[in-house]
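**Student:** Here you go, one structure.
Residue numbers (our numbering), protein chains in the order written: chain X, 28 to 369; chain C, 52 to 285.
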């Protein structure tokens, strides 16, 4: 099975037949193995990096829905991560509900903002949509630069001074680093499964028709507006949950980390990781956080990653449009076929 | 039955359909004309992708122009495109489910897809990805899509383009069975006059957006005006 094959190979038998496709079942298995390996082997430095990486993989999954399924280039995904983080911190500090309530609130508000950010996509595609969404990311950068993230203070913005600053509490079940990493992995697995199910079922088929052409989709009875809106809302929701998990990882967020450049970087690494396979998002998340951590560990300036990612993007666009995940998928397919030969 | 009355489509100073009045009633009808005659534009008007500036279109007595494009699909209008539009990373069955999701009830989907696969003989490749299909299979997928969910009017835009004579003959037999087996009227555009002659009992000829001829296919094709304008005879 090649890169794209895995995404939409088999339709659901029927809505009433509860049959979980292999492409969905494999996600919890792989994530469980990955989580166990990191939890057992990583030190606290790498555990923090891996937690951020897995959280960010959710936002990349959202991006992969837009780009891989609909062919839409959105360059404001990291801004939506910031929206989710902001709402999670705001609600968490104001009312101290269970972490899950703050997290879901962050996801829902990011979904709504994602829906608004997606409005240009109803008319625009390609370069123009990319530019408009990049401007939206720039707008968010300006706002978050002025507002900052809530840290336990009063009022709408929730900013505190000096000693009054507070950290967001992690979930009761996962106060320490290792349990929190496992918690993030479980949430990410649920998000990845939801995303993969969408790709394999009715929404994925509708998105595939829209990608083929809007007239083709309409001639098949697809409500293009609804399905595009749903894709943007789901993508925003996943980004918002990622922001919430990042906020929980260190207890606070820094407005300087949510620049428009981060959205560009996220998109570039989504392409490098691979947008047609679910694990491309995990690879992209690891590239985003593990590579800078590795360089820091080696005493090299983290900004070197910009050059490395640029080369990786060029390589992906030139030789492997399905990204690293696509190459892995191709390799697995070749090995499987070889194994099946008598 | 398709009843078109005083239909005008205007793009700036150009009128691809110019005051067209025609009634198409045969189970399988042909729509022919030179390039730029307005054939695809007429199909786009029927599909709802192009809005006329004037005129009326009724299908089986129902005002088609009053319906949104999606409502036309729900009411049984199906169409294929000049360039085949099979989704490459969906299987053949997936391509059919992609339309069945929206035009059939949840309990009818499997049956509708299976019936279409059986009709076009694609059951053997139901799990094959679109990108692995040859052109003939792709054309059959396009035809299968048109048969999902109680079609009433099937519009085919050059369904046999690029096919061999043998493949074309198979496709022709399938299309001719549609009215009896699915209860749908078929209107098809094709440049292959022999294909039109062998399939269509009624043919409409367009030229510069106007009706050049309409009637029994043999009579229409024998008309001196048609032979001059479309077949290039002097």
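All C-beta atoms, glycine included, are put in the ideal place defined by N, C-alpha and C. Since the structure is predicted, the reported quantities are computational estimates derived from the model, not experimental observations.
#1: If residue 275 (chain X) sits next to residue 195 (chain X), beta carbons under 8 Å apart, how far is it from one beta carbon to the other, in whole angstroms?
#2: Whose CA, out of X:332, X:342, X:352 and X:248, lies closest to the CA of residue 303 (chain X)?
#3: In chain X, which residues lie with their C-beta within 9 Å of the C-beta of residue 89 (chain C)?
#4: Would you give the residue range spanned by the alpha helix (DSSP H) that residue 216 (chain C) belongs to?
#5: If you draw a straight line from the alpha carbon of residue 172 (chain X) to that of residue 301 (chain X), how long is it in whole angstroms?
#6: Tell me which same chain residues have a C-beta within less than 7 Å of the C-beta of residue 247 (chain C), skipping the five on either side of it?
#7: Using beta carbons (cut-off 8 Å, strictly below), is residue 298 (chain X) in contact with chain C?
#8: Can you list the residues of chain X that residue 242 (chain C) reaches, using a CB-CB cut of under 9 Å?
#9: Please state the DSSP three-state secondary structure of residue 74 (chain C).
#10: Mapping DSSP to helix, strand and coil, what is residue 129 (chain C)?
#11: Using a Cβ-Cβ distance under 8 Å, would residue 208 (chain C) count as near chain X?
#12: Taking 8 Å as the threshold (C-beta atoms), are residue 186 (chain X) and residue 99 (chain X) in contact?
#13: What span of residues does the beta strand (DSSP E) with residue 55 (chain C) cover, start to end?
#14: Provide the residue span of the beta strand (DSSP E) that contains residue 319 (chain X), from first to last.
#15: Does DSSP put residue 55 (chain X) in a helix, a strand or coil?
#16: Going by DSSP, what residues sit across from residue 232 (chain X) in a beta bridge?
#17: Measure from the alpha carbon of residue 105 (chain X) to the alpha carbon of each residue in X:322, X:288 and X:343, then state which is nearest.
#18: By the 7 Å beta-carbon criterion, what residues does the segment 245-273 of chain X contribute toward chain C?
#19: Against residue 116 (chain C), what residues of chain X qualify as contacts under a CB-to-CB distance less than 8 Å, listed in chain order?
#20: Would you mind telling me which residues of chain C sit closer than 8 Å to residue 243 (chain X), beta carbon to beta carbon, in chain order?
#21: Contact between the segment 327-337 of chain X and the segment 65-77 of chain C: three or more CB pairs below 8 Å?
#22: For residue 60 (chain C) and chain X, any beta-carbon pair shorter than 8 Å?
#23: What does the alpha-carbon distance come out to for the pair residue 202 (chain X) and residue 218 (chain X)?
#24: Comparing the C-beta of residue 148 (chain C) with each C-beta of chain X, is any distance below 8 Å?
#25: Taking a cut of 9 Å between CB atoms, which residues from the segment 92-118 of chain X lie near chain C?
#26: Using 10 angstroms around the beta-carbon of residue 279 (chain X), count the other beta-carbons present and answer buried if the total reaches 16, otherwise exposed.
#27: Whole angstroms are fine: how far does the CA of residue 107 (chain C) sit from the CA of residue 74 (chain C)?
#28: Which residues in chain C have a C-beta closer than 7 Å to the C-beta of residue 236 (chain X)? List them in chain order.
#29: Measure the alpha-carbon distance for residue 144 (chain X) versus residue 258 (chain X) and round it to whole angstroms.
#30: Cβ atoms of residue 192 (chain C) and residue 137 (chain C): under 8 Å apart, would you say?
#31: Is there at least one Cβ from chain X nearer than 8 Å to residue 196 (chain C)'s Cβ?
#32: Can residue 298 (chain X) and residue 350 (chain X) be called in contact, C-beta distance under 8 Å?
#33: What are the start and end residues of each continuous alpha helix (DSSP H) run of 4 or more residues lying completely inside the segment 117-180 of chain C, in chain order?
#34: Express the C-alpha separation of residue 129 (chain C) and residue 107 (chain X) in angstroms, rounding to a whole number.
#35: Taking 8 Å as the CB-CB cut-off, is residue 121 (chain C) touching chain X?
#36: Please tell me whether residue 201 (chain C) has its Cβ less than 8 Å away from any Cβ of chain X.
**Tutor:** The short version:
#1: Indeed, because the Cβ distance is near 6 Å, the residues count as touching under 8 Å.
#2: Just measuring C-alpha positions, the residue of X:332, X:342, X:352 and X:248 sitting nearest residue 303 (chain X) is X:352.
#3: Near residue 89 (chain C) there are no residues of chain X at all, since even the closest Cβ is about 18 Å away, more than 9 Å.
#4: Its alpha helix (DSSP H) spans residues 216-233.
#5: In a straight line, the C-alpha of residue 172 (chain X) is about 31 Å away from that of residue 301 (chain X).
#6: Around residue 247 (chain C): 81, 83, 241, 254 and 268.
#7: For residue 298 (chain X), the closest Cβ of chain C is not nearer than 8 Å.
#8: Neighbours of residue 242 (chain C) in chain X, taken as residues whose beta carbon is under 9 Å from its own, are absent, since the nearest beta carbon is some 22 Å off.
#9: In this structure, residue 74 (chain C) counts as strand in the three-state DSSP scheme.
#10: DSSP, reduced to helix, strand and coil, places residue 129 (chain C) within a strand of the structure shown.
#11: With 8 Å as the cut-off, residue 208 (chain C) does not count as an interface residue toward chain X.
#12: Not closer than 8 Å, so no.
#13: From DSSP, the beta strand (DSSP E) with residue 55 (chain C) extends over 53-62.
#14: Premise fails: residue 319 (chain X) lies in the alpha helix (DSSP H), 305-324, not in any beta strand (DSSP E).
#15: In the structure shown, residue 55 (chain X) sits in a helix (DSSP, three-state: H, G or I).
#16: Paired residue(s): none; residue 232 (chain X) is not in a bridge.
#17: For the options X:322, X:288 and X:343, the alpha carbon positioned closest to that of residue 105 (chain X) is the one of X:288.
#18: Listed in sequence order: 245, 246, 247, 248, 249 and 250.
#19: For a Cβ distance threshold of 8 Å, nothing in chain X lies close to residue 116 (chain C): the least Cβ distance comes to about 16 Å.
#20: The contacting residues are 132 and 136.
#21: Cβ pair count under 8 Å is below three, so no.
#22: Cβ-Cβ to chain X under 8 Å: no for residue 60 (chain C).
#23: Each residue's alpha carbon lies about 21 Å from the other.
#24: Interface annotation, residue 148 (chain C): in contact with chain X, CB-CB separation under 8 Å.
#25: Of all residues in the segment 92-118 of chain X, none has a Cβ within less than 9 Å of some Cβ in chain C.
#26: The residue in question, residue 279 (chain X), is buried, as its Cβ has 16 or more Cβ neighbours within 10 Å.
#27: Taking the straight line joining both Cα atoms gives about 12 Å.
#28: Within chain C, the residues near residue 236 (chain X) are 138 and 149.
#29: Roughly 12 Å separates the two Cα atoms.
#30: Yes.
#31: Judged by the 8 Å Cβ criterion, residue 196 (chain C) is in contact with chain X.
#32: Contact: yes.
#33: Along the length of the segment 117-180 of chain C, whole alpha helix (DSSP H) runs at least 4 residues long occupy 120-125, 143-154 and 160-171, reported in chain order.
#34: Answer to the nearest angstrom: the Cα atoms are 39 Å apart.
#35: At a cut-off of 8 Å between beta carbons, residue 121 (chain C) contacts chain X.
#36: Closer than 8 Å: no.
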